[in-house]
Structure formats: structure tokens, C-alpha cells
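A.B. asks: The opening position of the sequence shown corresponds to residue 1 in the working numbering, with each subsequent residue numbered one higher.
From the three backbone atoms N, C-alpha and C, an ideal C-beta is built for every residue, glycine too.
Okay, handing you the structure first.
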Amino acid sequence: MKEPQTLRIHDTLTDTLQPVLPADGKRVGFYCCGPTVYASAHIGNFRTFIVQDVFRRVLELSGTPVKHVRNITNVDDKTIKASQDQGQSLNEFTAYWTEKFHADCAAMNLLGPQIEPGAVEHIAEQIEMIRVLMEKGHAYRAEDGSVYFRVESFPQYGRLSKVSERELTTTTTARSEDEYDRDSLADFALWKAAKPEDGDNFWESPWGSGRPGWHLECSAMSTKYLGPGFDVHSGGIDLTFPHHENEIAQSEACTGETFARLWLHVVHLMVDGRKMSKSLGNMYTLDDLKAKGFLPAEVRYGLIAGHYRKHLNFTLPGLEAARPNLQRLARLDRQLHEAAGHPKLPKYAALCKRDNNPDALGRFAPAFASLLDNLNVPKALGETFRAAGELEKQPAAATEADYFGLRVLLEALGLELPPVEVEEAPEEIRALAEARLQARADKDFAKSDELRDEILALGWRVKDVKGGYELEPA
Ligand SMILES: [Zn+2]
């Protein structure tokens, strides 16, 4: 029987490292706030989605199944406005951008969530939640037909983001322009009364026609698919307040149960040392980077290379390091595959069923252990290249466990390797390899080893093959 290993993550609620264990003893319920589908997601959005993908992969590969739910925000001010500008219906417009999002996810090798609910398809669930909140006295209807959550009625408000009441009033003042008449500035909309500019994008409710507030969809859909209390909720750090704080308030006030037990937040991506913004022209999408010659796998590599709890400074020259690193891993993978006697390529699902305890991962056990320790990807990559260095120097020492260890690690990071590039060795290297071939023919193995090391020191590895040798970059 396979014993699951324990992943630990930083939990925002308690500000401590916490083990990720399924409360039901079977699988981890995992909810992620998904994209708003009105344009291509940019790399800042993708950094969060890819870290969440690595989280799920590490859990599954360490023996814990995951039920992954990620919503699609397909109705809000932005989607309504943009669809109208395009002269399309909201459904037609958001379907297009949802498909584009899926294509980008597939290109960067993200596992699709098992359930991907859309807000528009869950209006009834959201109305029901508001009805309960009204009944319990946590919500009130304003004159225009909008419904607000009364923050004062939920004393635990602010626990996640550590926002005090005074801050609450000042930070929300700036947001008040787009809200309607509320009793307190801290109160937030559960239902937004229809306005003329919404066109025909409204639904009927007991409080008049309108649409749900954005925060509510995540509460309604996570409750529907994962239950009122579940294991892990995740999003970008900017969602902590007010979005996640509001989710907790409305969910717990409605169900009377603890909402998510653990909160996994991904810190912002910076581009060239600055915050991403339209005006700076640094809000790259995958298409922008593809147009600059980068492969999706290289973008993924660049987006996971930093720790999720630290600002990652994304730069184009930095991203160029991904290509040689992936090439090196591809050569190593080929080398270990050969050493293991050319086994059939193990699929992700098969690797998840395997017992990936440290003994079974060979030299890649420390790298996988780094992932279990709060998803430390930079350390895992460092350990991986350290193991790679050993195996490149001593190819004969490679074991089958090394091959499977590398496969598990690559799957945990979701790295798809490019084909090994054949590079022509320079004249000087080929001359040394010829001399080595002669030394071997002369059975002067000391000389042959010396030449092999000399070639390696110059950045090439010589391999003996039938009738000669092969050269490849080390
Ligand atoms: Zn959400």
C-alpha cells in the first residue's frame, strides 16, 4: 500500500506552514479563482495558475488525489462592456475568450481542473445564497434593488487579510464610485440591480432584475462542488482583500461552517522590476512571447523558476536561460532513458499511482523533497541540476531510479522537454575525440579517459557508440 508523503504550504490565514491533508481522508478539495474571460490572460495571471498546477501535481504525485475546481468569470462589468464594444452577445464573447484561455493553458501544459463552472450557469445557486443571507439578517436590499452584505454582522471579517475596521473604511472609500447606496462603506454587493448600460445582461431575482456581485460566484460554486467546508482555496495575493475576505464572510454567514481550511496565495509577478501595467507595455501574453521566439514550455519554466511566496522579476533576457536549461534536461532525460534500457515513457497518471518515496526517486529525491517543502521550485531546480552534473560526469552510475526520479520531477513541474538539438561540435573538439578514439583502439585507456575529461572541460560530452563516437554539449 502506497503511503502518501506530506506536502506543506504557507497558509495565509494562520501565517504558518501547514500540511495539506484531505479532511475526508480521500482527496484534497482545491478551489482556484479562475480568469475573467474578456481578453487573453497575461503572464501574471498565468504565474498563479501554473503555481496552482504545480501544487496539484506535487500532491497527486506524492499520493494524494485532488478534486480541482476553477471557475470562469463570464459576467461582470468588464465582460459586459467588452462584449458590447465588440457587438457580440455576452455568451458568444466569453465563449471565445474561454476557448483562448484553454488553448494557452494546454500550450503551457496545465492540467485542466475536473470541474470548471461558469458564473452565468450558476445564477440560481447565487440567488439561493443571497436568500439565506437575507433570511439570517446578514444582507439587506437597497432602494435601487441591489443587495449588500452587512460586514458588521460578521465580526470575524478581516481575519485573512488582517485588515482592521479603520483601514476597511478608508480602503473601500476609493471603491465606492462603482457601488450603489450602502449602509456602510465596508458593505459589498451580493446582487447588483440592472442598469441601462447592462443591456439585456440581467436576470430576475426576488429583489428585482440584476446580476450577482463578483465575489459571490466563488462562494456559490465552491460550496456546490466541494461542500461548505473544503481543504484549500487559492488565488493571486491581490485577491486576499477584498475578494477572499468577502468569500469567507458570505460563505460562513450562509452555511455556519468554516469555509476553506488553508489559503494558498501566489505573490505578484514583476516585469523588468516594475508592476505590470498596460501603460508600461509590459503586460505580456503568451502570444506576445511566442512572437518574440519563446516556446510555451520556456515561458512555463520562466514563470515557475522563482518561489511563489516572493516577487518574481520576469525579464526577457532572464527567460532566455530557459532554453539551455530545458535542453540540458532533455539530454539528461535521453541519457537516463538509455541507461534504464529504454523503458516505455511513463504517463502522468501512471507516475501518480507509483510509490514515489525517496528511495524510488534516485538522485532526484532531494529535488522532489524541496517541492514537498512549501513548493520550493528554485531549490528543486538547483537540486536537479546538481544531480544532472553528477550523472553527466559519471554516466555509468545512472540507475533506473534516477530515470524515474527525473520523470517524476519533470511531471511535478509540468515541464515538457523539447527534442534534443543536434549541435555540430567545433573542429578542436572533434580532433580531441578522434585522438581519443585512436587511444581506445590502442587500448591506452588512461589517455582515453584524460581526453574525455579534457573534452568535458571544454563543454562537450563524448559517448561511445557502435563504430565510433557521438558528441553532445555537456
Ligand atoms: Zn474567487
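Is it true that the segment 296 to 315 meets the segment 101 to 116, where meeting means three or more beta-carbon pairs spaced less than 8 Å apart?
C.D. replies: yes
A.B. asks: Leaving out five residues on either side along the sequence, give the residues of the same chain with a beta carbon under 8 Å from the beta carbon of residue 192.
C.D. replies: Cβ within range, chain order: 146, 180, 210, 211, 212 and 213.
A.B. asks: Name the DSSP bridge partner or partners of residue 473?
C.D. replies: 460
A.B. asks: Would you call the segment 72 to 81 and the segment 31 to 47 in contact, with 3 or more CB pairs under 8 Å?
C.D. replies: yes
A.B. asks: Would you call the segment 366 to 373 in contact with the segment 46 to 66, where contact means no fewer than 3 C-beta pairs closer than 8 Å?
C.D. replies: yes
A.B. asks: Comparing alpha-carbon positions, which option in 46, 309 and 237 lies nearest residue 10?
C.D. replies: Ranking the options by Cα distance to residue 10, first place goes to 309.
A.B. asks: Please determine, among 132, 324, 363 and 219, the residue with the shortest C-alpha to C-alpha distance to residue 206.
C.D. replies: 132
A.B. asks: Compute every distance between the C-beta of residue 29 and the non-hydrogen atoms of ligand 1, then say whether any falls below 7 Å.
C.D. replies: no
A.B. asks: Can you determine whether any heavy atom of ligand 1 sits closer than 7 Å to the C-beta of residue 306, and answer yes or no?
C.D. replies: Residue 306 Cβ: outside cutoff for every heavy atom of ligand 1.
A.B. asks: In terms of DSSP beta bridges, what is residue 158 paired with?
C.D. replies: In the DSSP output, where bridge partners are listed per residue, residue 158 has none listed.
A.B. asks: Tell me whether the segment 118 to 133 and the segment 197 to 206 touch, counting them as touching only if at least three CB pairs, one residue from each stretch, are closer than 8 Å.
C.D. replies: yes
A.B. asks: Heavy atom of ligand 2 less than 7 Å from the Cβ of residue 247, yes or no?
C.D. replies: Ligand 2 is not part of the structure shown, which contains ligand 1 as its ligands.
A.B. asks: Straight-line CA distance for residue 535 to residue 355?
C.D. replies: Residue numbering for the chain in the displayed model covers 1 to 474; residue 535 lies beyond these limits and cannot be assessed.
A.B. asks: Opposite residue 81 in the DSSP bridges: which residues?
C.D. replies: BP columns for residue 81 are empty, so no partner.
A.B. asks: Taking only the alpha-carbon atoms, compute the straight-line gap between residue 450 and residue 407 and give it to the nearest angstrom.
C.D. replies: A straight line joining the alpha-carbon of residue 450 with that of residue 407 spans about 32 Å.
A.B. asks: Which residue wins for smallest C-alpha separation from residue 414, given the options 29, 260 and 302?
C.D. replies: 302
A.B. asks: Residue 18: which of 24, 7 and 27 sits nearest, CA to CA?
C.D. replies: Residue 7 is the option with its Cα nearest to residue 18.
A.B. asks: Does the distance from the C-beta atom of residue 67 to that of residue 93 stay below 8 Å?
C.D. replies: no
A.B. asks: If you measure from the beta carbon of residue 300 to each beta carbon in chain C, is any gap under 8 Å?
C.D. replies: You won't find chain C in this structure, because it holds only one protein chain.
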